[in-house]
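Chains as they are written, first to last, in full-length UniProt numbering: chain A, 1 to 247; chain B, 1 to 247.
What follows is a single structure, written as structure tokens, with notes after it.
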DNA sequence: CGGGTGTTTGAAAGACGTCAACCAGAGTGG
DNA sequence: CCACTCTGGTTGACGTCTTTCAAACACCCG
């Protein structure tokens with residue numbers, strides 16, 4: 001379900017349209033990439049010719065943990081969950097990927113996580129070796145990609161703090177405001193957040209159970225902090241959410 | 001301190017065992033570098049004048065979170081704790097740094113964590129800008145540093161799994177075996193582990209309280225799994241610890 | 001309308017946290 | 001040489017937040 005079809009749409013400012021139909025449209029695809037990762041023009045022009053389009057349906061897997069990493073990806077539409085699983089089935093969702101996000105950028109021999117589609121997904125695929133060779137000749141680009149990895153590392157440390165030291169309420173609030181920030185960065189509505197992932201995904205991301213996630217969201221709704229809508233949530237009391245996220 | 005002392009361990013794949021005592025031993029340290037991704041002599045000579053030795057006493061701070069990151073460091077002796085704190089004082093120790101570890105390698109504008117010494121520490125310090133400029137001209141070196149950051153990211157995801165989905169017992173066991181692995185890699189005893197950090201540091205690293213850490217260690221001791229000795233622990237039942245760590 | 005999947009809600013249980021006391025070793029100083 | 005204090009670690013009793021178990025609910029789709 002798209003955000004535009006949500007019953008409640010009357011946001012203060014009209015949400016930036018998310019280019020509804022860029023699939024198969026090379027120009028828009030490139031624009032999307034540049035918008036989200038702030039890749040300089042020269043750099044995206046270098047990368048573009050190497051890319052090949054990939055499409056996934058819901059629940060299809062883009063790659064699996066520990067499988068030889070022979071590709072690097074950039075998400076162009078849709079969303080994916082990134083996760084690891086323990087032998088006994090316990091799962092940790094390390095993050096979610098949205099348009100503009102790189103996958104496999106650290107270019108280790110094997111993927112560090114598994115990735116599968118939360119809904120229809122399109123992505124650009126680069127041959128790892130070709131990508132590597134290209135990047136080798138572009139110190140500026142390589143440094144930029146290194147910076148992106150550094151930011152991911154910083155966010156990973158945020159997650160450690162969240163998982164190690166925050167309460168359920170704080171985790172949920174932090175998750176919502178964090179998602180809001182990411183949506184703003186890729187030009188989506190910042191008031192009504194689409195939640196392409198299920199409650200179980202959120203739970204496995206925040207180190208909680210599905211019941212605790214559901215209960216906490218319900219309570220935030222009752223308290224007038226958020227409004228649960230089909231397919232997402234609407235952030236009502238921004239100030240209180242920010243206070244709870246307490247960075 | 002010369003570049004020849006850079007303990008760049010080839011981390012691309014199977015951990016290369018590193019000589020037992022390289023601290024203060026110039027010759028062995030040179031060998032260490034030679035084991036890494038062929039750093040041409042010219043490059044080392046270029047990098048050498050950039051490094052300056054730093055010494056810290058126990059509890060002194062090397063750098064603080066959010067302060068402008070104008071340096072990159074390599075630990076040469078001792079150990080540090082890396083952490084973030086919330087406004088209300090809750091702390092998350094994101095990791096510990098040992099000889100050979102880089103600090104500030106992601107080269108963002110500001111440090112992502114604070115770092116202070118668990119005991120006497122020495123490190124090599126590089127001016128961030130000079131380091132950056134040098135690395136710019138050495139794609140192989142830059143790629144290698146990127147790889148190291150990628151591995152740190154992968155370990156961060158291990159931590160997420162640990163913090164989000166594992167029990168106290170598993171966290172402690174995983175911490176001990178993980179430390180063991182790191183010690184092996186830098187050529188230290190792999191049976192009796194020195195614990196340069198206090199119980200509180202361990203607790204804040206594993207998302208537990210000091211009491212839970214103490215209790216869990218005591219129980220593992222009673223069960224004959226480990227032996228608590230002054231300043232560290234001795235791993236007795238390796239098999240059981242590995243099973244508990246359950247990767 | 002019925003079945004399947006995903007979400008919500010309630011009651012009970014448990015793992016870990018909190019509070020508080022005690023203990024041990026290392027300095028320190030009389 | 002032995003109190004004395006300080007810091008860090010251990011242990012116990014109790015409390016609570018989150019989980020677990022269970023059931024109901026809602027929505028989608030054939």
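Where a beta carbon is used, it is the ideal one built from N, C-alpha and C, also for glycine.
- Counting pairs of beta carbons, one from the region 82 to 94 of chain A and one from the region 156 to 165 of chain B, are three or more of them closer than 8 Å? yes
- Task: Return the CA-CA distance between residue 127 of chain A and residue 149 of chain B, expressed in angstroms with no decimal places.
- Result: Position 127 of the first chain, counting from 1, holds the residue named residue 127 of chain A. Position 149 of the second chain, counting from 1, holds the residue named residue 149 of chain B. Their Cα atoms are separated by approximately 21 Å.
- From the beta carbon of residue 213 of chain A, is the nearest beta carbon of chain B less than 8 Å away? Walking along the first chain from the start, residue 213 of chain A turns up at place 213. Output row for residue 213 of chain A: interface = no.
- Query: Who are residue 117 of chain A's beta bridge partners in DSSP?
  - Reply: Against the first chain, residue 117 of chain A aligns to sequence position 117. Beta-bridge pairing links residue 117 of chain A to A:80.
- Query: To which residues of the same chain is residue 82 of chain A closer than 8 Å at the C-beta, ignoring the five residues directly before and after it?
  - Reply: For the purposes of this step, residue 82 of chain A is identified with residue 82 of the first chain, where counting begins at 1. Excluding sequence neighbours, residue 82 of chain A sits near 93, 94, 95, 96, 97, 103, 113, 114, 115.
- Task: Give the DSSP bridge partners of residue 95 of chain A, in chain order.
- Result: Walking along the first chain from the start, residue 95 of chain A turns up at place 95. A:82, per the DSSP bridge assignment.
- With DSSP as the reference, label residue 178 of chain B as helix, strand or coil. Walking along the second chain from the start, residue 178 of chain B turns up at place 178. Here residue 178 of chain B sits in helix by DSSP.
- Is the region 176 to 188 of chain A touching the region 129 to 139 of chain A, taking contact as three or more C-beta pairs under 8 Å? no
- Query: In the structure shown, what three-state DSSP assignment does residue 167 of chain B receive?
  - Reply: As a first step, residue 167 of chain B must be located in the second chain, where it is residue number 167. It is coil, neither helix nor strand.
- Message: Could you tell me the alpha carbon to alpha carbon distance between residue 63 of chain A and residue 225 of chain B, rounded to whole angstroms?
- Response: Counting from 1 along the first chain, the entry for residue 63 of chain A is found at position 63. Counting from 1 along the second chain, the entry for residue 225 of chain B is found at position 225. Their backbone Cα atoms lie some 38 Å apart in a straight line.
- Item | Backbone CA spacing between residue 41 of chain A and residue 53 of chain A [nearest angstrom] | By one-based count along the first chain, residue 41 of chain A stands at place 41. By one-based count along the first chain, residue 53 of chain A stands at place 53. Their Cα atoms are separated by approximately 20 Å.
- Message: Using 8 Å for Cβ pairs, my map puts residue 168 of chain B next to residue 208 of chain B. What's the rounded Cβ distance?
- Response: Walking along the second chain from the start, residue 168 of chain B turns up at place 168. Walking along the second chain from the start, residue 208 of chain B turns up at place 208. That belief holds up - the Cβ atoms of residue 168 of chain B and residue 208 of chain B are roughly 6 Å apart, short of 8 Å.
- Task: Kindly list, in the order they appear in chain A, the residues whose Cβ is closer than 7 Å to that of residue 84 of chain B.
- Result: For the purposes of this step, residue 84 of chain B is taken as residue 84 along the second chain, with counting starting at 1. The answer, in chain order, is 157, 161.
- Message: Does residue 129 of chain A pass the burial test, meaning 16 or more other C-beta atoms within 10 Å, or should it be called exposed?
- Response: Within the first chain, numbered from 1, the residue matching residue 129 of chain A stands at position 129. Residue 129 of chain A is exposed by the Cβ-count criterion.
- Would you kindly work out how many angstroms separate the C-alpha atoms of residue 189 of chain B and residue 232 of chain A, rounded to a whole number? For the purposes of this step, residue 189 of chain B is taken as residue 189 along the second chain, with counting starting at 1. For the purposes of this step, residue 232 of chain A is taken as residue 232 along the first chain, with counting starting at 1. Distance between the alpha carbons of residue 189 of chain B and residue 232 of chain A is about 53 Å.
- Can you say whether residue 100 of chain B is buried or exposed, counting buried as having 16 or more other CB atoms within 10 angstroms of its CB? For this step, residue 100 of chain B is matched to residue 100 along the second chain. So residue 100 of chain B counts as buried.
- Query: Going by the beta-carbon positions, is the gap between residue 69 of chain B and residue 108 of chain B smaller than 8 Å?
  - Reply: Residue 69 of chain B sits at position 69 when you count from the first residue of the second chain. Residue 108 of chain B sits at position 108 when you count from the first residue of the second chain. It is a contact, given that the beta carbons lie within the stated cut-off.
- How far does the alpha helix (DSSP H) with residue 220 of chain B in it reach, from first residue to last? Within the second chain, the letter at position 220 stands for residue 220 of chain B. Here the alpha helix (DSSP H) through residue 220 of chain B covers 210 to 222.
- Message: Between B:244, B:165, B:219, which has its C-alpha nearest residue 85 of chain A's C-alpha?
- Response: Looking up residue 85 of chain A in the first chain gives position 85. Selected option, being the one with the closest Cα: B:165.
- Between the CA atoms of residue 122 of chain A and residue 75 of chain A - distance to the nearest angstrom: Residue mapping note: residue 75 of chain A aligns to position 75 of the first chain, counting from 1. Residue mapping note: residue 122 of chain A aligns to position 122 of the first chain, counting from 1. Roughly 6 Å between the two C-alpha positions.
- Query: According to the neighbour-count rule (16 or more other Cβ atoms, all chains shown, within 10 Å of its Cβ), is residue 201 of chain B buried or exposed?
  - Reply: Taking the first residue of the second chain as position 1, residue 201 of chain B is located at position 201. Counting Cβ neighbours within 10 Å, residue 201 of chain B comes out buried, since at least 16 surround it.
- Indicate whether residue 228 of chain A and residue 237 of chain A have their beta-carbon atoms separated by less than 8 Å. Residue 228 of chain A sits at position 228 when you count from the first residue of the first chain. Residue 237 of chain A sits at position 237 when you count from the first residue of the first chain. No.
- Query: Hey, does residue 144 of chain B have any beta-carbon neighbour from chain A nearer than 8 Å?
  - Reply: For this step, residue 144 of chain B is matched to residue 144 along the second chain. By this cut-off, residue 144 of chain B is not an interface position.
- Just the Cα atoms here: how many angstroms apart are residue 49 of chain B and residue 210 of chain A? Here residue 49 of chain B refers to the residue found at position 49 of the second chain. Here residue 210 of chain A refers to the residue found at position 210 of the first chain. Between residue 49 of chain B and residue 210 of chain A, the C-alpha separation is close to 55 Å.
- Of all Cβ atoms in chain A, is any one closer than 8 Å to the Cβ of residue 25 of chain B? As a first step, residue 25 of chain B is located in the second chain; it is residue number 25 there, counting from the start. Note that residue 25 of chain B scores a pLDDT of 36, beneath 50, so its modelled location is shaky and nothing firm can be said.
- Where the alpha helix (DSSP H) containing residue 136 of chain A begins and where it ends: Indexing the first chain from 1 puts residue 136 of chain A at position 136. Taken as a continuous stretch (DSSP letters only), the alpha helix (DSSP H) holding residue 136 of chain A covers 128 to 136.
- Message: Excluding the 5 residues flanking residue 191 of chain B on each side, which residues of the same chain have their C-beta closer than 7 Å to its C-beta?
- Response: Residue numbering aside, residue 191 of chain B sits at position 191 when the second chain is read from its first letter. The residues are 234, 235.
- How would you call residue 194 of chain A, buried or exposed, if buried means at least 16 neighbouring beta carbons within 10 angstroms? Numbered from 1 along the first chain, position 194 holds the residue referred to as residue 194 of chain A. So residue 194 of chain A ends up on the buried side.
- Tell me residue 68 of chain A's beta-bridge partners as DSSP assigns them. As a position in the first chain, residue 68 of chain A is number 68, starting the count at 1. Residue 68 of chain A pairs with A:110.
- Query: Can you tell me the Cα-Cα spacing of residue 131 of chain A and residue 153 of chain B, whole angstroms?
  - Reply: For this step, residue 131 of chain A is matched to residue 131 along the first chain. For this step, residue 153 of chain B is matched to residue 153 along the second chain. About 20 Å.
- Spatial neighbours of residue 205 of chain B in its chain, beta-carbon cut-off 6 Å, leaving aside the 5 residues before and after: Indexing the second chain from 1 puts residue 205 of chain B at position 205. For residue 205 of chain B, where only same-chain residues beyond five positions count, the Cβ hits under 6 Å are 93.
- Task: May I ask you to report which of helix, strand or coil DSSP gives residue 32 of chain A?
- Result: Within the first chain, the letter at position 32 stands for residue 32 of chain A. Because the pLDDT of residue 32 of chain A is 43, which lies under 50, any placement of that residue in the model is unreliable, and the number read from its coordinates should be weighed accordingly. Of the three classes helix, strand and coil, the one that applies to residue 32 of chain A here is helix, per DSSP.
- Would you mind telling me which residues of chain A sit closer than 7 Å to residue 90 of chain B, beta carbon to beta carbon, in chain order? Sequence index remark: in the second chain, residue 90 of chain B carries index 90 (1-based). Going along chain A in sequence order, the residues near residue 90 of chain B (Cβ under 7 Å) are 165.
- Query: Any idea what DSSP makes of residue 194 of chain A, helix, strand or coil?
  - Reply: Your numbering for residue 194 of chain A matches position 194 in the first chain. Three-state result, residue 194 of chain A: strand.
- Which chain B residues are close to residue 173 of chain A, counting only those with a beta carbon under 7 Å from its beta carbon? Counted from its first residue, the first chain places residue 173 of chain A at position 173. Correct list: empty, because the minimum Cβ distance to chain B is about 13 Å.
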